[in-house]
Amino acid sequence: MSARELTVLADDGALLAVQVHDPADGPDDEVTTLVLAHGWTLSHRTWDPVVAGLAGRPGLRVVTWDQRGHGRSTLARGRRRPRGVSVRRLAADLRTVVDATAPEGPLVLAGHSMGGMTVMALAGRDPGLVTRRVRGVALVATSAGGLAEGTRPAQRWGARLAAHAPAVPLGRTITLQGQRALLFGEHADPGAVAATRDQVAATRLASFGGFYGALMAHDEVASLAVLADVPVTVLVGTRDRLTPERHARALVAALPHARLEVLDGAGHMLPYEATGEVTAAIADLLVPVSSGG
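Quick note on full-length UniProt numbering: the sequence shown kicks off at 1 and runs consecutively.
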């Protein structure tokens with residue numbers, strides 16, 4: 001199903017590439033909007049398999065976008081490097097996308113990896129919006145903080161160096177085999193690995209480094225309290241090397257009402273590796289909204 005393409009202007013001049021899949025029918029005042037946030041070095045295309053299973057349903061609008069510095073979205077006006085970027089800045093972009101595409105009505109938010117962090121940061125930045133409008137949250141292969149634990153000094157140094165690199169794509173510096181080993185679990189589909197590699201290859205080297213620093217500084221544990229009355233589903237793969245299972249369990253420890261799905265053998269790229277499970281989890285969050293719950 002084709003999407004409407006929008007360009008949304010952030011308050012600092014960044015241009016955000018947004019895709020809107022409108023509902024099959026129904027008046028706007030009965031529409032629920034599902035907003036899907038993608039991860040670091042990826043693009044909105046990560047969510048394509050899930051969108052295919054959800055878009056076009058009556059009463060459901062599906063919105064995706066490229067996070068700033070990723071895909072077709074730019075950084076702030078006049079900047080070629082993401083200096084000073086933070087996950088809270090991404091949360092401000094998420095609010096801008098919501099205001100532009102769904103200024104009213106119930107929301108369900110889903111985020112993969114950095115996208116999940118963006119959703120948590122939105123809860124901390126705009127608790128009123130979450131309380132008033134958010135009816136469900138899916139946190140997919142993500143973390144509330146503590147990502148710097150266990151990283152090596154050489155990794156941090158390399159990322160800082162990349163943050164000051166020219167605004168050129170990463171290119172095909174990571175082989176398919178290397179990408180599969182890092183991001184995927186036991187049964188990686190070759191097409192999914194190639195699609196992921198293409199997204200990573202198109203990411204600017206400066207964005208790779210600059211956003212790495214933002215992820216290492218990310219800490220939204222306190223913001224989870226805002227989600228105390230919101231249905232939350234947390235999904236993680238047992239072979240996730242970037243946000244291992246302990247991060248998902250920490251989320252559930254802070255959100256005792258949350259539902260945890262541990263996917264045996266899956267890695268970090270759950271929208272590709274476990275499309276059915278991710279789609280079903282989001283669909284379950286949509287059911288109470290569509291039934292007026």
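For every residue, glycine included, the Cβ atom is placed at its ideal position computed from N, Cα and C. Here the structure is a predicted model, which means the values were calculated and not measured.
- The secondary-structure analysis by DSSP pairs His21 across a beta bridge with Val62.
- Buried is the label assigned to Leu286, since at least 16 other Cβ atoms lie within 10 Å of its Cβ.
- Ala55 and Ile282 have their C-alpha atoms some 12 Å from each other.
- Here the alpha carbon of Thr118 sits roughly 6 Å from the alpha carbon of Leu90.
- Between Tyr272 and Ala192, the gap from beta carbon to beta carbon is short of 8 Å.
- For Asp264, the closest alpha carbon among the candidates Asp126, Leu75, Leu94 and Gly185 is that of Gly185.
- Counting only residues of its own chain and dropping the five nearest sequence neighbours on each side, Val35 has a CB closer than 6 Å to the CB of Val63 and Leu109.
- The C-beta distance from Arg61 to Thr33 rounds to 4 Å, short enough to meet the 8 Å contact threshold.
- Taking the Cα positions, Leu129 is about 19 Å away from Leu255.
- For Arg4, the beta-bridge partners assigned by DSSP are Val20.
- DSSP places Glu261 within a strand segment (E or B) once states are collapsed to three.
- Secondary structure at Thr233: strand, using DSSP grouped into helix, strand and coil.
- If the five residues before and after Ala24 are omitted, its C-beta is found closer than 6 Å to the C-beta atoms of Gly56 and Pro58, all from its own chain and listed in chain order.
- The secondary-structure analysis by DSSP pairs Asp219 across a beta bridge with Gly145.
- Looking at Met114, Ala100, Ala138 and His218, the one whose alpha-carbon comes closest to that of Asp11 is Ala100.
- Contact check for Val200 against Leu139 fails: the beta carbons are separated by 8 Å or more.
- Gly13 has no beta-bridge partner at all, per DSSP.
- Between Ala92 and Met120, the C-beta spacing is not below 8 Å.
- With respect to the 8 Å criterion, Gly267 and Leu183 are classified as neighbours on the basis of their beta carbons.
- In this structure Glu149 is exposed. Its beta-carbon is surrounded by fewer than 16 other beta-carbon atoms within 10 angstroms.
- Apart from the 5 residues on each side of it in sequence, Gly124 sits with its Cβ closer than 8 Å to the Cβ of Arg88, Ala91, Glu220, Ala222, Ser223 and Val226 in its chain, given in chain order.
- Pairwise C-beta distances place the stretch 243–254 out of contact with the stretch 4–22, as fewer than three of them are shorter than 8 Å.
- The C-alpha of Asp198 lies about 33 Å from the C-alpha of Pro103.
- His70 carries a coil assignment under DSSP once its states are collapsed to helix, strand and coil.
- Judged by their CB atoms, Pro49 and Thr196 are not nearer to each other than the 8 Å cut-off.
- In the DSSP secondary-structure assignment, Val137 is bridged to Leu109 and Val232.
- Ranked by how close their Cα comes to the Cα of Phe208, the residues Ala14, His70 and Val31 have His70 in first place.
- Leu34 has Val62 and Val108 as its beta-bridge partners, per DSSP.
- Its Cα nearest to that of Arg259, the residue Asp284 stands out among Arg241, Met269, Arg68 and Asp284.
- One alpha carbon belongs to Glu5, the other to Arg241, and they sit about 34 Å apart.
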